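For the protein sequence lines, the chains are S and A, in the order given.
With this note's numbering, you'll find the first sequence wraps up at 541, consecutive numbering, no jumps.
With this note's numbering, you'll find the second sequence wraps up at 1082, consecutive numbering, no jumps.
Where a beta carbon is used, it is the ideal one built from N, C-alpha and C, also for glycine.
Only a predicted model underlies this, so the values are computations on that prediction, with no experimental measurement involved.
Number of protein chains: 2
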Amino acid sequence: MLGLMQDHPLLIWQLLEHGARHHGHVEIVSRRVEGDVHRYTYRDALRRAYRVANAIDALGIEPGERIATLAWNGYRHFELYYGVSGSERVLHTLNPRLTPEQLAWIVADADDRVLCFDLSFLPLVQAVHTRCPSVRHWIALCEGDALPKETGIPNLLSYEAWIDAQPAHYAWPEFDERSASALCYTSGTTGNPKGVLYSHRSALLHALAGSLPDSTAMSAQECVLPVVPMFHVNGWGVPYSAPMTGAKLVFPGPALDGKSVYDLIESEGVTLAAGVPTVWLALLAHVNGNGLRFSSLRRSMVGGSACAPAMVDAFRAFGVDVLHGWGMTEMSPLGTLSHIGPQQKSLSVEQQTQLICKQGKVPFGVDMKIVDDAGTELPWDGIAAGDLHVRGPWVVSRYFGKEGIDARIDGWFPTGDVATIDPDGNMQITDRSKDVIKSGGEWISSIDIENIALAHPAVAIAACIAVPHPKWDERPLLIVVPKPGATVDRRALLEFYAGKVAKWQVPDDVVVVDAIPLGATGKIQKNLLRDRFRDHALPNL
Amino acid sequence: MLGLMQDHPLLIWQLLEHGARHHGHVEIVSRRVEGDVHRYTYRDALRRAYRVANAIDALGIEPGERIATLAWNGYRHFELYYGVSGSERVLHTLNPRLTPEQLAWIVADADDRVLCFDLSFLPLVQAVHTRCPSVRHWIALCEGDALPKETGIPNLLSYEAWIDAQPAHYAWPEFDERSASALCYTSGTTGNPKGVLYSHRSALLHALAGSLPDSTAMSAQECVLPVVPMFHVNGWGVPYSAPMTGAKLVFPGPALDGKSVYDLIESEGVTLAAGVPTVWLALLAHVNGNGLRFSSLRRSMVGGSACAPAMVDAFRAFGVDVLHGWGMTEMSPLGTLSHIGPQQKSLSVEQQTQLICKQGKVPFGVDMKIVDDAGTELPWDGIAAGDLHVRGPWVVSRYFGKEGIDARIDGWFPTGDVATIDPDGNMQITDRSKDVIKSGGEWISSIDIENIALAHPAVAIAACIAVPHPKWDERPLLIVVPKPGATVDRRALLEFYAGKVAKWQVPDDVVVVDAIPLGATGKIQKNLLRDRFRDHALPNL
């Protein structure tokens, strides 16, 4: 028997309609690619999103077809989020940090029909457009008179001219809430990038659960600055959760240096900022280097990579709480958030910092488990480490173009991370699954071994990898780059592990090299190291 | 094109599974009908909810069939919320304050199969059970040895004996999230009560949106006391939102007097309490009368009827913020919550109190509008008053048993209230639609007229009703009961309105009576007054 409640599908356009109707005067402030600051309200944004939807209709783009963006965080990108998804097309956010080859491959895989780009990416577009045969329309996100001549891009339109001719009203369609809304590709460190195809339902449930008090606590009290790019997993969902809750929204454009971010925080009264650790290091360096302080910022959300205790302490010195999150492109992205519960209020500051640096607890909607090689669930004792599997309505089931292949194992998505979970449900990632060293049935965390090496005064970079071993299956090998002018003594470095880990976890050998290969996102490419040292002769210790 | 995210229906059992798995050690504390205090954890509650589901299976109750409760707020009622709805049956919460006749009518209308009751309601059950032929099983919420002999109720079982024989594990079914989960009847001040049939989807979306920071801000930081009964619109959703967020849950049982509620707040460290104004008046009287203070309470949620400024001030004196909500059985119940936004932080305390006493803003998911008699939407200027219509995924579409009749007008549910909405989206109820006086095309709020009369030192009770008028259609008539020993002078009372309302809003006449008819819920029965004074001769003023 069905209930007798109203049947409204959850659709992305409802978020902006709500923002415009119930928080219509709240501002959206954008530092533009042009350098100046643009400001308007949710009500204004809705009217321009209507124009965008009408302009897309006029191009004859079919429901479900992809419209790509190559753009910084700003009001025009925000309008595309709603005009594209709201009118039942799919917003495909491209990462401008990729190479032209990667971009062309992704645009072809996604079969994009339209590509909208900030003028700062014109050279990139010029480099790829001949390799993007699926793209029929190129739109530069600028005024008509700012459009450069002779770009070589056929039929290039300015965004403002494109939408200006359209009426400022639009009747949003109602359709299945499981319809595709947005597409984002993984970074693809192994193999080709894979497309994650979000739905209206997943985006709205993610926005609701992600705004709960123990998640980001998004509300009309906040002025939120998503420094995290809108091409990076939907800007962590902030473009959805802000109009949903009536938060003031501040977009930084391309200016992500410490001074620019700081000035925007201060001038707009930002209370909550969201970004990756590297951006915060630059911000903190600027603030510390110039004897500044934060007058409005209360919370800094850190994600994308693990948050170091030093960053928690540095923000705390300014009265700013760190909100440490973990997620994935495949998770929309929210997986867990670090969490100081009522029971932990009595912990020392240092213990609280340790807790904040864990990946944390899931909100309602996500479930997680850790499993061993046989798929058996491991206990939540904070000690047992296993492959981390997740599930929930905003977790991927299949990849775009690979609909025939279930991305799950028994209904759970394997994250590729190795983690522990403590009795309170706090998850901590200890390694990547492919990097963990499996020795004699036990797992050794490569990250733990590397962190100890990095604490040694002579070590600049450290990588710990597994090398095959006839008796133990795998044994850890440590590869280090010395600090400039320093010398690493193999035996002394191995002795440095005494008392820090169990004896059987100490690496079997140390190799000193001049350089370690890093990928495009700054991560050590351990697959290359594993290839190179596959036949390394381990000494008999 | 559908998105490629995991397809999990939103089902009520997921809330308790989440609470047990991720907040498993968090306590549920209940003051029992037996008088003592019972405590256990979400993990324990889940195991007993499994037993309940197995016990229902064993009775052969079909999916969609109704299982009724006549119970106070406590852990057994909480287990029924999950065991019944989670196993795809419908939980029908009965209001024990109804008369036996009303109860029998509702049980028959709902076609209830099982009725579970607290022992304090045994006399009521004894009075109605012969008139409830649909009920096949009667369960007393007690231990086996507490079951009275010779009750006259056939096959009466104790709850503990009923579930004790069952296994403490259960495989929850997966089904359509739009399936019915719970049934609650309106008070039915006009005509018979009407059943509102909630769905799993409506309950979960309501729990998510209702827990947002600008809604109730439910979180693992809170210790929540729902004084509002679980038979009154699902206890405002607290039994769902608490396990969803990991809040500690405290149930008051039948002891709703000021001392009992205060003692429980203090002994359990309650931070958020939810109830109707009469309960809070008793609590505040106890606290003020005994020179006490609140050591943990931070927020008091007030709903059910409008919150007076004096209550906001009284709680503020103890450092407790009032959260003023408005809703309806037909809205699950959350409609609006009073809201102090960033722009209002600079208002004076008095102005903030006025704002808190408005009904407030909608969370995402609810939309509202005010319309005139022709159905035309009226402006949000804080002045224009119109019929309040609402819509959203947790708003009713049809009533139980009346599936053929749409309860909506053009897709919007007419609340029966008259309201204004200010430019910030703050809604304020000015009257009930049926009570408003429509004079010469203008609307006069009966509540405004009554509030002025109540400010007169001689007036104890005031009711303003419309009487037919040949020229103006309707004109206001004021009916008052004097305070003991006081005399109401008709002319002086009418002069008391000078400068307080427009001249055309002043009542045409005053009738002094000894008593005014009140209904079961303490509300003035204006329909009886309108019948009685239909032919009242208005003087030519």
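Which of helix, strand or coil DSSP assigns to residue i
i                  : result
His232 of chain S  : coil
Arg857 of chain A  : helix
Gly289 of chain S  : helix
Trp1013 of chain A : coil
Ser295 of chain S  : coil
His747 of chain A  : helix
Tyr1083 of chain A : The structure shown does not extend to residue 1083 of chain A, since chain A is modelled only from 542 through 1082, so no value can be given for it.
Met328 of chain S  : coil
Asp804 of chain A  : helix
Lys194 of chain S  : coil
Pro333 of chain S  : coil
Gln969 of chain A  : strand
Gly237 of chain S  : helix
Gly542 of chain A  : Residue identity check: residue 542 of chain A is Met in the sequence provided, not Gly. Residue state, collapsed to three classes: coil.
Gly685 of chain A  : helix
Pro226 of chain S  : strand
Ala590 of chain A  : helix
Per-residue contacts from residue i into chain A (C-beta, under 8 Å)
i                 : result
Tyr399 of chain S : Leu545
Thr41 of chain S  : Per Cβ cutoff of 8 Å: no residues; Thr41 of chain S is ~12 Å from chain A at best.
Gly341 of chain S : Ala761, Gln762 and Gly787
Cβ-Cβ distance between residue i and residue j below 9 Å
i                 : j                 : result
His18 of chain S  : Pro239 of chain S : no
Leu122 of chain S : Ala140 of chain S : yes
Val302 of chain S : Val276 of chain S : yes
Phe251 of chain S : Tyr75 of chain S  : yes
Thr961 of chain A : Ala925 of chain A : yes
Glu450 of chain S : Cys464 of chain S : yes
Ala515 of chain S : Val481 of chain S : yes
Ile524 of chain S : Lys248 of chain S : no
His206 of chain S : Gly365 of chain S : yes
Buried or exposed by the 16-neighbour rule on C-beta atoms within 10 Å, applied to residue i
i                  : result
Leu347 of chain S  : exposed
Pro708 of chain A  : exposed
His564 of chain A  : buried
Pro96 of chain S   : buried
Gln102 of chain S  : buried
Lys1012 of chain A : exposed
Residue i Cβ short of 8 Å to the ligand SAM heavy atom set
i                  : result
Phe1037 of chain A : Absence of the ligand SAM from the depicted structure is noted, as is the absence of any ligand whatsoever, leaving it without description.
Residue i, enclosing alpha helix (DSSP H) - first and last residue
i                 : result
Trp556 of chain S : As displayed, chain S neither begins before 1 nor continues past 541, which places residue 556 of chain S out of reach and without an answer.
Gln102 of chain S : Pro100 to Ala110
Phe78 of chain S  : Tyr75 to Gly86
For residue i, the first and last residue of its enclosing beta strand (DSSP E)
i                 : result
His92 of chain S  : Val90 to Thr93
Asp908 of chain A : Asp908 to Val912
Val669 of chain A : Counting along the chain, Val669 of chain A falls outside any beta strand (DSSP E), though it belongs to the alpha helix (DSSP H) covering Leu663 to Val669.
Gln895 of chain A : First-last for Gln895 of chain A: Val890 to Cys898, but that is the alpha helix (DSSP H), not the beta strand (DSSP E).
Phe251 of chain S : Lys248 to Phe251
Arg572 of chain A : Glu568 to Arg572
Arg932 of chain A : Gly927 to Arg932
Ile608 of chain A : Arg607 to Leu611
His137 of chain S : His137 to Ala140
Ala180 of chain S : Ala180 to Tyr185
Ala274 of chain S : Leu272 to Gly275
Glu983 of chain A : Glu983 to Ile985
Interface residues of chain S facing residue i [CB-CB closer than 7 Å]
i                 : result
His563 of chain A : Lys361, Val362 and Gly425
Asp755 of chain A : Ser219, Ala220 and Thr245
Interface partners of residue i on chain S, CB under 9 Å
i                 : result
Glu944 of chain A : Leu4
Ser836 of chain A : Simply none; closest approach about 15 Å.
Residues that residue i contacts on chain S, provided the C-beta gap is smaller than 8 Å
i                 : result
Asp951 of chain A : Near Asp951 of chain A there are no residues of chain S at all, since even the closest Cβ is about 12 Å away, more than 8 Å.
Ala721 of chain A : Met1, Leu2, Gly3 and Leu4
Gly933 of chain A : Gln6 and His8
Contacts of residue i in chain A (Cβ-Cβ under 7 Å)
i                : result
Gly64 of chain S : Met542
Contacts of residue i in chain A (Cβ-Cβ under 9 Å)
i                 : result
Val396 of chain S : Leu545, Met546 and Gln547
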